[in-house]
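Chemist:
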Amino acid sequence: MTAPEGHPAYEKTLRWWDGFTISLSIPAALFISLGYGIGLIGAWTALALMATVAVVACLQNYIYSEMAGMFSEKIGGISMYANQGWRRKTTLAGPLATYGYWFAWSSSLAIYGLQIGTLTQAEWFPNQTWTFSTGLATIGFPHVVALGVLLLGWALNVLGMRPAMWIMYATGILVLIPLVLFAAAPLISGDWSLTNLHWDLAASGFPGWRTAIAWMFVFAWSVYGIEAVATFVPEFRDTNRDTRIALRLAGIFVIVVYLLVPLGVGGLTKQADAAAAPVSFYLGAFEKLVPGSAWLMTVCLIAGLLLLMVMTTADGGRVLHGSAIEGLTIKQLGKLNRFKVPGRAMTLDLVVNVVLILFVGQALAVIVAGILGYLICHVLALTGFINLRRDQPDAERPITLGRQWVYVAAVLAAFDTVLVVVGALSAQITGYGGVKELLIGVVVLSISVLLFAYRQIVQEGRKFQFKATDDGPASATNRGAEVDAA
6 MTAPEGHPAY EKTLRWWDGF TISLSIPAAL FISLGYGIGL IGAWTALALM
56 ATVAVVACLQ NYIYSEMAGM FSEKIGGISM YANQGWRRKT TLAGPLATYG
106 YWFAWSSSLA IYGLQIGTLT QAEWFPNQTW TFSTGLATIG FPHVVALGVL
156 LLGWALNVLG MRPAMWIMYA TGILVLIPLV LFAAAPLISG DWSLTNLHWD
206 LAASGFPGWR TAIAWMFVFA WSVYGIEAVA TFVPEFRDTN RDTRIALRLA
256 GIFVIVVYLL VPLGVGGLTK QADAAAAPVS FYLGAFEKLV PGSAWLMTVC
306 LIAGLLLLMV MTTADGGRVL HGSAIEGLTI KQLGKLNRFK VPGRAMTLDL
356 VVNVVLILFV GQALAVIVAG ILGYLICHVL ALTGFINLRR DQPDAERPIT
406 LGRQWVYVAA VLAAFDTVLV VVGALSAQIT GYGGVKELLI GVVVLSISVL
456 LFAYRQIVQE GRKFQFKATD DGPASATNRG AEVDAA
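Everything in the sequence shown is counted per the working numbering, starting at 6 for the first residue and increasing by one.
1) By a C-beta neighbour count over all protein chains shown, 10 Å radius and 16 as the cutoff for buried, is residue 136 buried or exposed?
2) Hey, is residue 330 close to the ligand MG, as in C-beta under 7 Å from one of its heavy atoms?
3) My assumption, with CB atoms under 8 Å, is that residue 313 sits in contact with residue 33. Please give the rounded CB distance.
4) Check whether the Cβ atoms of residue 451 and residue 103 lie closer than 8 Å to each other.
5) Could you name the residues that DSSP lists as bridge partners for residue 19?
6) Using the C-alpha atoms, what's the distance from residue 342 back to residue 67?
7) Would you list the residues sitting across from residue 145 in a DSSP beta bridge?
8) If you run the structure through DSSP and keep just helix, strand and coil, what is residue 404?
9) Which residue marks the beginning of the alpha helix (DSSP H) containing residue 3, and which one marks its end?
10) Any idea if residue 465 is buried or exposed, counting beta-carbon neighbours within 10 angstroms, 16 or more meaning buried?
11) For the region 372-379 against the region 202-221, do three or more pairs of beta-carbon atoms, one drawn from each stretch, fall closer than 8 Å, so that the two count as touching?
12) Check residue 198 in the structure and name its three-state DSSP category.
13) Could you have a look at residue 78 and say whether DSSP puts it in helix, strand or coil?
14) Once DSSP output is grouped into helix, strand and coil, what is the label at residue 105?
15) Rounded to whole angstroms, what's the CA-CA distance from residue 200 to residue 272? Just pull it up for me.
16) Taking only three categories from DSSP, how would you classify residue 479?
17) Might you give, ordered along the chain, the residues of its own chain that have their beta carbon closer than 7 Å to the beta carbon of residue 61, omitting 5 neighbours on each side?
18) Would you call residue 138 buried or exposed, if buried means 16 or more other Cβ atoms sit within 10 Å of its Cβ?
19) Look at the Cβ atom of residue 3, then the Cβ atom of residue 94, and state whether they are nearer than 8 Å.
20) Helix, strand or coil: which one does DSSP assign to residue 300?
21) Enumerate, from N- to C-terminal direction, the unbroken beta strand (DSSP E) stretches of 3 or more residues contained entirely within the region 319-378.
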C-alpha cells in the first residue's frame, strides 16, 4: 500500500480469515452483557433485543464494506469513513467520530481486565480478599490481575500484528467451545427448558418501549463492534476481496451467535440465578452440558476477554494513529514503531486504562460515556455514506452496493439516533450510569474538538477550518470495481 507522505506503511499480512478471527472477539463480549439482560428483563426479551441489534450490525457492515473499498488506504475504519463522508460539510465530524469511537473501545479494556481478575479470584484464589486504597479507589486482587493482562495485551500488540494474531487464533478457538455448546443446548441437554425463558420488559417500572431501547443501547456497545474488521483493511493482502468477505461474514456470524447462544443459555438458567450472579452463572449452566467443567468455562471466558483486550488495543491504537495522519488530532500520535504498528497510540490506551483501574476502580462508571460516543460515530459514518452517494456519485467504488442501500443507511442512521437520544437518557433503567456518565461523554467529545483546533492552529499554523477546502479524489487507487446487487 501507499502510505501518506512521511508515514511508514502498515504491512499487508492479513487475509479475510484473520479479519474473521478478529471479529470472534465480539461474540465473546456476549458473555459480559447477556447475564445482566436475562436477570433483569428475561431471556426471551434479551434474545429478541440482541438479535435485533445483531441484524442492524450486520446491515451496517455491508454498508461499511463499500466505504472500506473507497478508502482502503485510510487507517481508522468507520471513524475515517465518517470523516470522509462529512469533511466537505464540516470538519468537526472527523474528530468527534474518531474520539467517540476510540474512547468507547479504549475504556472497555479496564472493564475486560477487571472481569478477568474477578473470574480468576472466584475460581482459583477465593481467599485473596486483601485490599488497599489509592486515595480514590479501593484496589484488590482483581485489579492487580487486570493490570497484568493490560500489560500483556499491550506487549503483544506493540511487537507487531502477527504475534497478536496468533494469540487471537488461540483464544478464538477457546471462545468457540462455549459458543457452540450453548448454541446446541436445546438439542443436547435434558436440562434445557422453555419454562426458563420469560418476557419481562415491565419489571423496570418504565414503559416497555423505553426499556427496550435502553437495553439495545447497551447491547449495541458490543454487538456493533464487528465493524472493527474495517480498521484492519489497509493490512489485508487482497484488499477488496478480503475486506468484502471478512466484513460480511462477521455480520452473518454475529446474527447466528446472538440468536442461538442466548436461547441456549436462557433455557439452561433460571432468571433469578442470572440476576444473582450475572457473570459467574455461566459456570453452572456449562456444568449442565459438561459435568465437572466449570474450570473449563472459566478458562474460555478468560480467553474471550483476553481476545477482546488484544483486539481492542490493536483497533484503538490504529484509530488514533489514523486520526493523527488525517490531521484530526495531535501529530505525536501519527507514528508507527519499528514493528510497523502504532506503539505510541497503544501506549496511550494503556495509560488511560491503568488510571481507570487504579483511581476509578469500577470502570463500568464510564460505559455510558463510551457508548454515547461510539453510537454517534456510527450515525456519522452511515450518514457519511449517504453524503458520498449524493455528492460524489462518480467516485470509484471497488465494492459497490445497490441503490437501495442508501435508504437502508438512512433507516439505520435513524435507528442509531434513537438509541443515542433515548438510550443515553435512560441509563438508569439498565443500571449502567446516569447524568455524571453522560457528562463524561460530552467532555471526551469536547476534548476531541480542542485537540483538532490545537492541531490546526498551533501545530500547523493555519486558521481553523470548518469545511475541507481540497477537492482531492475520495476513492482508492484500486481499479476494477466489484458490483454487488445485494
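Glycine residues also receive a C-beta, built at the ideal position from the N, C-alpha and C atoms. None of these values were measured; they are calculated from a predicted model.
Modeler: This is what the structure gives:
1) Residue mapping note: residue 136 aligns to position 131 of the sequence shown, counting from 1. Classification of residue 136: exposed, given that the 10 Å Cβ count is below 16.
2) Ligands in the displayed structure: none, and consequently the ligand MG is not present.
3) Counting from 1 along the sequence shown, the entry for residue 313 is found at position 308. Counting from 1 along the sequence shown, the entry for residue 33 is found at position 28. Correct: roughly 6 Å between the Cβ atoms.
4) Sequence index remark: in the sequence shown, residue 451 carries index 446 (1-based). Sequence index remark: in the sequence shown, residue 103 carries index 98 (1-based). No, these two residues do not count as a Cβ contact at 8 Å.
5) Counted from its first residue, the sequence shown places residue 19 at position 14. Residue 19 is bridged to 241.
6) Within the sequence shown, numbered from 1, the residue matching residue 67 stands at position 62. Within the sequence shown, numbered from 1, the residue matching residue 342 stands at position 337. One alpha carbon belongs to residue 67, the other to residue 342, and they sit about 32 Å apart.
7) Locating residue 145 in the sequence shown gives position 140, counting from the first residue. The partner list for residue 145 (beta bridge, DSSP) reads 136.
8) Within the sequence shown, numbered from 1, the residue matching residue 404 stands at position 399. When secondary structure is reduced to three states using DSSP, residue 404 falls in the strand class.
9) An answer regarding residue 3 cannot be provided, because it is not within the stretch 6 to 491 covered by the chain.
10) To locate residue 465, count along the sequence shown from 1; it is residue 460. The residue in question, residue 465, is exposed, as its Cβ has fewer than 16 Cβ neighbours within 10 Å.
11) Cβ pair count under 8 Å is below three, so no.
12) Taking the sequence shown and counting its residues from 1, one reaches residue 198 at position 193. Of the three classes helix, strand and coil, the one that applies to residue 198 here is coil, per DSSP.
13) As a position in the sequence shown, residue 78 is number 73, starting the count at 1. Looking at residue 78 - three-state DSSP - the assignment turns out to be coil, as it is neither helix nor strand.
14) Here residue 105 is taken as the residue at index 100 of the sequence shown, counted from 1. Of the three classes helix, strand and coil, the one that applies to residue 105 here is helix, per DSSP.
15) Locating residue 200 in the sequence shown gives position 195, counting from the first residue. Locating residue 272 in the sequence shown gives position 267, counting from the first residue. Near 7 Å, if we compare the C-alpha coordinates of residue 272 and residue 200.
16) Here residue 479 refers to the residue found at position 474 when the sequence shown is read from its first residue. A caution first: residue 479 carries a pLDDT of 38, below 50, which makes its placement in the model unreliable, though a value can still be read off. When DSSP states are grouped into helix, strand and coil, residue 479 belongs to the coil group.
17) Indexing the sequence shown from 1 puts residue 61 at position 56. The answer, listed in chain order, is 417, 420.
18) Here residue 138 is taken as the residue at index 133 of the sequence shown, counted from 1. Counting C-beta atoms within 10 angstroms of its own C-beta, residue 138 has fewer than 16 neighbours from the protein chains shown and is therefore classed as exposed.
19) The chain is shown from 6 up to 491; residue 3 falls before or after that span and cannot be answered.
20) Start at 1 with the first residue of the sequence shown, and residue 300 comes out as number 295. Helix.
21) Correct list: empty.
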